[in-house]
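So in the working numbering the end of the sequence shown lands on 365, straight run, no missing numbers.
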Amino acid sequence: MSEPEPGLVERLLRFDDRALGRSISAIEAGDPQALATLRGLRARGGSARVVGVTGTPGSGKSTLVDALVAVMRAQGARVAVVAIDPSSPYSGGAILGDRIRMARWYADPHVFVRSMATRGHLGGLAAAALQVVALLDAVGFDRILVETVGVGQSEVEVARAADTTVVVLTPGQGDGVQAVKAGLLEIADVFVVNKADQPGAERLVNDLRGAIGLAEAPPAGAWIPPVLATVASRGEGVAVLGGAIARHHAHLVARGGMPEVRRERVRAEVRALLTEAARRALADIPDAALDALVAGERDADTIVAALLRRAGEATA
Ligand SMILES: Nc1nc2c(ncn2[C@@H]2O[C@H](COP(=O)(O)OP(=O)(O)O)[C@@H](O)[C@H]2O)c(=O)[nH]1
Ligand SMILES: [Mg+2]
Numbered sequence: 050m051s052e053p054e055p056g057l058v059e060r061l062l063r064f065d066d067r068a069l070g071r072s073i074s075a076i077e078a079g080d081p082q083a084l085a086t087l088r089g090l091r092a093r094g095g096s097a098r099v100v101g102v103t104g105t106p107g108s109g110k111s112t113l114v115d116a117l118v119a120v121m122r123a124q125g126a127r128v129a130v131v132a133i134d135p136s137s138p139y140s141g142g143a144i145l146g147d148r149i150r151m152a153r154w155y156a157d158p159h160v161f162v163r164s165m166a167t168r169g170h171l172g173g174l175a176a177a178a179l180q181v182v183a184l185l186d187a188v189g190f191d192r193i194l195v196e197t198v199g200v201g202q203s204e205v206e207v208a209r210a211a212d213t214t215v216v217v218l219t220p221g222q223g224d225g226v227q228a229v230k231a232g233l234l235e236i237a238d239v240f241v242v243n244k245a246d247q248p249g250a251e252r253l254v255n256d257l258r259g260a261i262g263l264a265e266a267p268p269a270g271a272w273i274p275p276v277l278a279t280v281a282s283r284g285e286g287v288a289v290l291g292g293a294i295a296r297h298h299a300h301l302v303a304r305g306g307m308p309e310v311r312r313e314r315v316r317a318e319v320r321a322l323l324t325e326a327a328r329r330a331l332a333d334i335p336d337a338a339l340d341a342l343v344a345g346e347r348d349a350d351t352i353v354a355a356l357l358r359r360a361g362e363a364t365a
């Protein structure tokens, strides 16, 4: 087994930007030494609250995340942001105004922002993102905000794996319909109708509340997702959103305690890795194995076992 690099853990625990950045890149690349560092730190984690923010491109997720950072910093929380979005301001893909807005956090040692590539993760995007979240939790961030575009299976998976999932919609055409199609209604713990300064916002809020009310009667004590209106670009409604996120977290803790919240998160991490390993095994069934099966020389289940073993070795 690989050993963590000397001195690195101490730097990570001081929120050293470069140490964090390098470790995250290495985790993304599946580097064994970085995974060893994560393993060594893992037991320290468990106090972060992880909030996923998802929605269509341009719905205002980055603006909202930035405003949430301000709200959470005002409460003294140490905040990390992971943006899985190729056009995110953190990766330099955004317009100048966005980058200037984010720049105000560079001087704050208790805010860390990082973008992640959507492609090129051997074990899959969702698993890599959840391992990055585990690292940020372990080094001591109190809040971890994960921005993902709410399209694409792994992006939705990442959002779902957060403790609290915020789904951002806008009064623009067909946004509600798109959200239903992408399965976003099922994963939302909190709905945000952003750009509430634009026409149609009130109607979308009412439609969503109606849709939630139409769902099967929830079991007693179940969480019913609130529908909030925000104008992220002016910070309006963002403190209320922060309150809703805190209430949802309290609900989770009341239901199962923090260990259970955390177990659900690592369950998602393991499930993401397992799904990716199985997907690789499926994509790579050798003709020779099929020929052997047809010829009666091998069983289908021993072939499956061998394929899974091989996919597992590639992941390990
Ligand atoms: N009118 C209006 N514009 C907003 C609001 N929130 C964000 N925007 C703008 O919408 C655009 C996209 O925002 P961005 O946060 O990058 O969206 P993302 O792609 O979902 O991350 C930017 O020009 C923002 O300034 C809002 O509440 N009202
Ligand atoms: Mg964005």
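Quick reminder that beta carbons are idealized off the backbone N, C-alpha and C, glycines included. This structure is a prediction, so every number in the text was calculated from the model and none was measured.
Here the alpha carbon of Val343 sits roughly 40 Å from the alpha carbon of Glu77. At least 7 Å separates the beta-carbon of Val241 from that of Leu263.
Looking at Ala293, Gly173, Ala288 and Gly169, the one whose alpha-carbon comes closest to that of Thr214 is Ala293. Between ligand 1 and the CB of Gly107, the shortest heavy atom gap is smaller than 6 Å.
Between the C-alpha atoms of Glu285 and Met121 there is a straight-line separation of about 15 Å. Shown here, Thr213 sits in a strand according to DSSP, grouped into three states. Per DSSP, Thr324 has no beta-bridge partner at all. Across the structure, Asp186 and Ala97 are spaced so that their CA atoms are roughly 5 Å apart. Of the candidates Val198, Ser72 and Arg71, Val198 places its Cα closest to the Cα of Leu218. In the displayed model, Ala97 falls within coil according to three-state DSSP, outside both helix and strand. For Ile261, the uninterrupted alpha helix (DSSP H) segment begins and ends at Ala250 to Leu263.
Taking 7 Å as the cut-off, the beta carbon of Ile73 is found closer than this to the beta carbon of Arg163. With a cutoff of 6 Å, Ser203 does not count as near ligand 2, since its C-beta is closer than that to no heavy atom of the ligand. Contact annotation: Phe161 and Leu69 have beta-carbon atoms nearer than 7 Å. No heavy atom of ligand 2 is found nearer than 6 Å to the CB of Ser282. Annotated three-state conformation of Ala166 is coil, per DSSP. Nearest in C-alpha terms to Pro248, of all of Arg258, Gly270, Gly221 and Asn255, is Gly221. Looking at the DSSP output, Phe161 sits in a beta bridge with Ala129.
DSSP links Gly104 through a beta bridge to Val198 and Val217. Here the segment 79-95 makes contact with the segment 293-311; the two share three or more CB pairs at distances below 8 Å.
Between Leu322 and Ala176 a beta carbon distance of about 4 Å is seen, short of the 8 Å cut, so the two are scored as contacting. Taking the Cα positions, Asp212 is about 13 Å away from Val205.
Note on geometry: alpha-carbon atoms of Val100 and Glu59 lie some 26 Å from one another. Taking 7 Å as the cut-off, the Cβ atoms of Lys110 and Val118 do not count as close. Residue environment for Asn243: buried (at least 16 other C-beta atoms within 10 angstroms of its C-beta). With contacts defined by Cβ atoms closer than 7 Å, Asp238 and His298 do not form a contacting pair. Exclusion of the five residues before and after Val353 leaves no residue of its chain whose Cβ lies closer than 7 Å to its Cβ.
Taking the Cβ atoms as the reference, Ser282 lies roughly 5 Å from Thr112, within the contact range of under 8 Å. Phe240 is bridged by DSSP to Val216 and Val276. Trp272 and Gly104 have their alpha carbons spaced roughly 21 Å apart.
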